[in-house]
Amino acid sequence: MPTLRLYHRLLIAMGAILLLQAVVFYSLVKYRMEARTIGQITDRLLQSNLLFKNFRTAQARLLTTVGRSVAEHQGLKATADMLNNVEADKTSEADAYKMLFEQANSISRTVVSDMLLVLNKRHKLLVRIMGTEKSWTHERAYAQSELLGAPRAETRTGPVQVVLSYPADRSRPESPTVTAVVSLDAGSLIAIDNHGLTLPPELQRPGDGSVPSDIPFAPGSKSTPGGNDGTSRLPVEFWVYRGELYQVAYAPLKYADNDVTVGSVIVGYRIGRDWAVEIKKASESEMVFFVRGKVVASSFPLGRERELESLFGGAVAHSATQSEEESLALRPGEPLGFDLGGEEYRAVERLLPGTDCHYLVALSWTQALRPLLALEGELKLVAVAVFFMALLMAVGVARSITRPLGDLSGAMSKVMKGDFSSRLRVLTPLEVAQLADAFNSMVQGLSEREQYKKMVSRSASELVRKLATTGGESSDVSSKVETTVLFSDIRSFTTLCEGMSPEAVVGMLNEYFEAMGRVIAANDGDIDKFIGDAIMAFFKSTPERDSAESAVLCAIQMQNEMHALNERRRREAKPEIRIGVGLNTGVVVEGHVGTKNRFEHTMLGDTVNVASRLEGECKRGSYLRIVISQSTYDRVKKLVEVVPMGSTKLKGKTEELPIYEVKSLADAESVIGNLEAPEPQTRIRAIERLARLGTPEQLERLFAPLSDRDASVRCFTARILGQSPHVAGAARHLIAALDAETDEEIRLEMIAALGALGGFEALEYLRKLCSDSSAAVRREVVVALESLGGRAAADLLASAAADADPAVRAAAGLALFRVGQAEGMTVLEAMATGSDLPLELAAIRALGDLGITLQERRHLAEQRNPSGQESFHFAQLLERVAGLLLRALESPAAEARVGAIESLARMRHRLAVRALSDRAADPDPAVSRAARDALATFES
Numbered sequence: 002m003p004t005l006r007l008y009h010r011l012l013i014a015m016g017a018i019l020l021l022q023a024v025v026f027y028s029l030v031k032y033r034m035e036a037r038t039i040g041q042i043t044d045r046l047l048q049s050n051l052l053f054k055n056f057r058t059a060q061a062r063l064l065t066t067v068g069r070s071v072a073e074h075q076g077l078k079a080t081a082d083m084l085n086n087v088e089a090d091k092t093s094e095a096d097a098y099k100m101l102f103e104q105a106n107s108i109s110r111t112v113v114s115d116m117l118l119v120l121n122k123r124h125k126l127l128v129r130i131m132g133t134e135k136s137w138t139h140e141r142a143y144a145q146s147e148l149l150g151a152p153r154a155e156t157r158t159g160p161v162q163v164v165l166s167y168p169a170d171r172s173r174p175e176s177p178t179v180t181a182v183v184s185l186d187a188g189s190l191i192a193i194d195n196h197g198l199t200l201p202p203e204l205q206r207p208g209d210g211s212v213p214s215d216i217p218f219a220p221g222s223k224s225t226p227g228g229n230d231g232t233s234r235l236p237v238e239f240w241v242y243r244g245e246l247y248q249v250a251y252a253p254l255k256y257a258d259n260d261v262t263v264g265s266v267i268v269g270y271r272i273g274r275d276w277a278v279e280i281k282k283a284s285e286s287e288m289v290f291f292v293r294g295k296v297v298a299s300s301f302p303l304g305r306e307r308e309l310e311s312l313f314g315g316a317v318a319h320s321a322t323q324s325e326e327e328s329l330a331l332r333p334g335e336p337l338g339f340d341l342g343g344e345e346y347r348a349v350e351r352l353l354p355g356t357d358c359h360y361l362v363a364l365s366w367t368q369a370l371r372p373l374l375a376l377e378g379e380l381k382l383v384a385v386a387v388f389f390m391a392l393l394m395a396v397g398v399a400r401s402i403t404r405p406l407g408d409l410s411g412a413m414s415k416v417m418k419g420d421f422s423s424r425l426r427v428l429t430p431l432e433v434a435q436l437a438d439a440f441n442s443m444v445q446g447l448s449e450r451e452q453y454k455k456m457v458s459r460s461a462s463e464l465v466r467k468l469a470t471t472g473g474e475s476s477d478v479s480s481k482v483e484t485t486v487l488f489s490d491i492r493s494f495t496t497l498c499e500g501m502s503p504e505a506v507v508g509m510l511n512e513y514f515e516a517m518g519r520v521i522a523a524n525d526g527d528i529d530k531f532i533g534d535a536i537m538a539f540f541k542s543t544p545e546r547d548s549a550e551s552a553v554l555c556a557i558q559m560q561n562e563m564h565a566l567n568e569r570r571r572r573e574a575k576p577e578i579r580i581g582v583g584l585n586t587g588v589v590v591e592g593h594v595g596t597k598n599r600f601e602h603t604m605l606g607d608t609v610n611v612a613s614r615l616e617g618e619c620k621r622g623s624y625l626r627i628v629i630s631q632s633t634y635d636r637v638k639k640l641v642e643v644v645p646m647g648s649t650k651l652k653g654k655t656e657e658l659p660i661y662e663v664k665s666l667a668d669a670e671s672v673i674g675n676l677e678a679p680e681p682q683t684r685i686r687a688i689e690r691l692a693r694l695g696t697p698e699q700l701e702r703l704f705a706p707l708s709d710r711d712a713s714v715r716c717f718t719a720r721i722l723g724q725s726p727h728v729a730g731a732a733r734h735l736i737a738a739l740d741a742e743t744d745e746e747i748r749l750e751m752i753a754a755l756g757a758l759g760g761f762e763a764l765e766y767l768r769k770l771c772s773d774s775s776a777a778v779r780r781e782v783v784v785a786l787e788s789l790g791g792r793a794a795a796d797l798l799a800s801a802a803a804d805a806d807p808a809v810r811a812a813a814g815l816a817l818f819r820v821g822q823a824e825g826m827t828v829l830e831a832m833a834t835g836s837d838l839p840l841e842l843a844a845i846r847a848l849g850d851l852g853i854t855l856q857e858r859r860h861l862a863e864q865r866n867p868s869g870q871e872s873f874h875f876a877q878l879l880e881r882v883a884g885l886l887l888r889a890l891e892s893p894a895a896e897a898r899v900g901a902i903e904s905l906a907r908m909r910h911r912l913a914v915r916a917l918s919d920r921a922a923d924p925d926p927a928v929s930r931a932a933r934d935a936l937a938t939f940e941s
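Everything in the sequence shown is counted per this note's numbering, starting at 2 for the first residue and increasing by one.
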């Protein structure tokens with residue numbers, strides 16, 4: 002679990018980093034694309050503004066031409082003579098004005114449609130034609146007062162773009178119309194003197210009214226002075242008249258028969274919605290013109306005027322005297338952004354040159370972003386794809402880091418539980434490999450220490466620990482404790498050893514000590530020392546049991562174990578071993594004795610001496626030959642039944658001491674009686690207790706339950722007998738019960754018990770069962786033969802490897818290998834690579850078991866010699882098994898793939914991870930589910 006948490010943390014950290022990178026990547030790309038789009042829009046706005054400037058310039062030239070055409074119109078020039086005669090009182094004033102009006106009206110229809118003004122040489126308005134409004138007057142009013150209607154500061158506005166339509170041949174109104182989209186240049190109202198010449202600024206002065214005082218002269222737009230030849234360039238500018246915006250041009254009005262100027266002509270065009278729409282078609286930009294904060298022309302849909310006026314009706318924040326170059330330059334904070342009708346725009350706002358009116362050039366930001374938005378979806382998909390690809394790589398990296406750490410964590414857990422067979426085989430990364438090497442060295446040291454601990458008592462191990470903490474000083478490591486001391490030795494040992502070789506004596510002693518040591522350890526006893534053929538052990542009280550009870554129960558089991566050991570020795574024609582046990586309870590001194598450099602830990606005191614003397618009294622015993630003292634009897638009298646042996650004066654004691662021989666358990670009769678209890682569970686509990694603590698004579702009562710009326714009791718009895726080799730005659734009675742048993746499940750349990758008991762009788766009976774009609778029985782026989790081992794069992798297993806049942810054949814191959822026969826691997830390999838699916842499935846399951854066996858044996862071999870040939874041999878066999886299972890993953894049968902996955906998962910082989918990852922995407926649901934479950938076991 003810690004490794005899994007580390008894996009998750011690494012994965013989350015890497016995923017967060019990758020996600021952040023994907024977001025940054027997406028944001029940077031989007032920002033660059035938006036910046037590029039803004040740059041493109043800005044360029045288009047400036048290009049549109051430049052187009053408007055060019056439009057104004059062309060329109061100014063056009064208006065100059067039109068003005069000259071009007072001024073030079075023969076009808077109007079002829080009327081000039083009449084105007085002169087009017088002032089000389091030579092002609093009726095009414096007739097002259099009437100003729101002038103008719104001529105002007107005619108000219109307005111054929112030459113210009115929006116504006117025509119005629120002034121005399123004193124700038125008195127004589128004729129005004131504004132669209133459909135036609136009038137004439139001789140009131141003495143200055144032209145600019147009629148035209149501008151207000152002071153200059155309130156009427157001048159910004160630049161404008163217009164669309165001008167006029168006949169191609171102005172002398173023929175029916176000629177085709179020409180449409181020009183032009184940008185009008187900045188102009189000014191030029192004062193014209195009596196000779197038709199334009200005056201420079203320094204000569205335009207207020208006075209008698211010949212030159213109005215508030216007519217501006219815009220810098221940079223001076224007309225070039227000409228002469229009476231009329232070649233001067235006419236001035237052009239924007240005018241506001243009655244809330245409308247016009248672009249106008251001036252031309253001198255002269256006599257018909259000479260070039261003497263008698264007045265001036267002003268022509269112009271109104272800038273309206275049609276002009277803004279035409280400009281939009283040419284530039285794809287929206288155009289809006291403002292006069293005194295009101296919209297006078299707009300290409301936006303109708304009804305947006307109020308919104309535009311609220312947004313841009315104020316004055317523009319830069320000088321009205323800006324040059325053309327300044328009006329075309331980008332200013333800080335531009336382009337402007339605004340929303341109109343739910344759509345976002347970018348725009349530039351400028352003054353109309355020579356006025357305080359302004360105009361707006363705008364582009365739709367929403368439309369400009371549509372290509373970006375279309376690309377944004379693809380960009381998101383790319384970012385997501387890159388993120389998941391990087392995440393998969395992160396998963397691989399995290400697994401490569403955490404997998405060896407998981408192996409290390411699992412191995413450490415085993416070590417904590419006392420399993421020192423674990424070794425790590427990690428190749429990369431380097432740091433983890435070094436950690437694995439350090440771990441292996443640590444386990445090797447711990448294993449050696451554990452072996453040393455097994456060679457001494459637990460109390461001695463504790464003493465060594467205390468000495469280590471005190472720096473080797475022993476003054477504080479001795480103590481008085483209450484304990485029950487057990488002494489056991491072999492009866493007539495000297496006589497028994499006569500005629501035996503030293504090797505045989507040592508072998509007999511080791512066999513005896515090994516058997517007794519297991520029983521003592523099982524009852525929480527601690528062997529203090531071996532003294533020749535004698536064993537000295539002691540028992541301490543625990544919360545569950547008194548020390549005297551543990552010692553007495555241990556002594557009974559030791560006698561039962563000796564009974565089973567002698568059964569085996571009789572079969573091997575070896576002499577039997579008889580032992581006696583003496584027990585005494587009391588206070589002893591626990592400590593170590595010897596020199597500073599060499600000492601031993603032991604129990605000392607009168608309690609130990611009495612126990613040793615009691616063991617010597619066992620020769621007078623008639624039952625179990627277990628002799629106990631009064632102090633011990635006082636604590637176990639409710640547990641066992643004893644026979645008093647009288648009072649005896651033991652060697653070294655001045656007083657006689659009462660002693661007792663243990664006969665049996667105190668409730669032995671009741672336990673035996675419970676074997677006939679009506680409840681099956683009561684009978685089962687009695688069988689368990691009797692098998693563990695009964696005397697050899699009492700243990701014979703365990704055979705009767707083999708024919709009990711209840712199947713569960715018969716099954717439990719068979720299992721208990723298989724675990725009780727000290728019960729004499731168990732194999733013979735199991736064979737008899739097997740012949741009479743009809744329940745297959747119980748027969749299988751009895752066969753397993755025969756295999757556990759072993760012996761010649763069991764082997765011969767199992768040989769007969771090899772031809773049983775039941776495949777389940779034959780398979781259990783294979784397992785029992787494996788438990789028996791030996792050459793005869795191996796021969797029977799070789800025959801079973803050719804059994805018709807796949808499960809029996811696979812089990813026989815596995816058992817053959819386990820008993821040391823290499824042909825077992827060959828059997829399984831042939832089954833796994835064949836075309837018979839049932840054989841393949843059985844072999845796959847057996848190969849999983851074989852892999853686990855090989856791992857265990859390799860660990861044991863490494864524990865003995867980490868770099869030895871034996872360990873290398875098992876590693877090679879393990880790779881061979883793994884290769885067969887990996888090959889089975891490619892089987893066309895889903896059942897075979899599932900079986901291979903489960904076997905690899907049980908083995909937890911390092912080569913399986915990638916293959917299982919691939920199988921997690923198997924098209925068969927059962928296979929993919931099994932692969933995911935197997936991977937989960939690896940991660941946990």
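Every residue, glycine too, gets a C-beta built ideally from N, C-alpha and C.
Under the three-state reduction of DSSP, which class applies to residue i: helix, strand or coil?
i      : result
Thr608 : helix
Leu303 : coil
Val641 : strand
Glu591 : strand
Ser665 : strand
Met288 : strand
Leu148 : Residue placement at Leu148 is flagged as unreliable, the pLDDT there being 31, under the threshold of 50; the coordinate-derived value follows with that caveat. Leu148: helix per DSSP, three-state reduction.
Asp490 : strand
Thr232 : Residue placement at Thr232 cannot be trusted, given a pLDDT of 32 that sits under 50; what the coordinates show is reported in the next sentence. Reduced to three states, the DSSP call for Thr232 is coil.
Ile280 : helix
Tyr167 : Residue placement at Tyr167 is flagged as unreliable, the pLDDT there being 40, under the threshold of 50; the coordinate-derived value follows with that caveat. Here Tyr167 sits in strand by DSSP.
Ile557 : helix
List the DSSP bridge partners of residue i.
i      : result
Leu885 : None, per the DSSP bridge assignment.
Gln870 : Paired residues: none, contrary to the question.
Asn524 : In the DSSP output, where bridge partners are listed per residue, Asn524 has none listed.
Arg347 : Gly338, Leu364
Ile532 : Ala535
Gly244 : Answer is none; Gly244 lacks a bridge partner.
Thr603 : Gly592
Step through the CB atoms of chain D and report whether any lies within less than 9 Å of the CB of residue i.
i      : result
Ala785 : Protein chain content of the structure displayed is limited to a single chain, and chain D is not contained in it.
Using 9 Å as the threshold, is the C-beta distance between residue i and residue j below it?
i      : j      : result
Ala738 : Ala719 : yes
Trp1   : Ala250 : Outside the shown range of the chain (2 to 941) lies residue 1, about which nothing can therefore be said.
Arg702 : Ile673 : yes
Thr956 : Gly587 : The chain is shown only over 2 to 941; residue 956 falls outside these bounds and no answer can be derived.
Lys650 : Glu657 : yes
Phe514 : Asn524 : no
Gly592 : Leu584 : no
Ala712 : Ile752 : no
Val289 : Leu309 : yes
Leu798 : Val778 : no
Thr367 : Glu350 : no
*For the region 803–813 and the region 834–851, state whether three or more C-beta atom pairs, one from each stretch, are separated by less than 8 Å.*
As far as the Cβ criterion goes, the region 803–813 touches the region 834–851, which means the pair count is three or higher.
*Do the region 627–644 and the region 506–516 touch if we need at least three Cβ pairs shorter than 8 Å?*
As far as the Cβ criterion goes, the region 627–644 does not touch the region 506–516, which means the pair count is below three.
_Touch test, the region 822–829 against the region 787–806, Cβ-Cβ under 8 Å, three pairs minimum_ = Touching, yes, given that three or more Cβ pairs across the two stretches are closer than 8 Å.
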